[in-house]
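In this note's numbering, the protein residues as written are 1 to 51.
These notes are about the structure you will find just below.
Here it is in structure tokens:
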């Protein structure tokens, strides 16, 4: 468990963070779009119930 092990662990951690960042960049806009559509449908439904 010398410097080689620590460097390997650090490299793996960097790759993990990069992969997680890429997944968040791809997935979050999709979920945000679904959330906005859901809120829009709720507002439209509420408008029709009230009128």
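The C-beta atom is built at its ideal place from N, Cα and C for all residues, glycine as well.
Everything numeric in this text was worked out from a predicted model, so none of it was measured.
ask   = Between the C-alpha atoms of residue 30 and residue 47, what's the straight-line distance to the nearest angstrom?
value = Residue 30 and residue 47 have their C-alpha atoms some 26 Å from each other.
ask   = By how many angstroms is the C-alpha of residue 49 removed from the C-alpha of residue 23?
value = If I take the Cα positions, the gap works out to 39 Å.
key: Alpha carbon of residue 45 to alpha carbon of residue 51, nearest angstrom   = The alpha-carbon separation between residue 45 and residue 51 amounts to approximately 10 Å.
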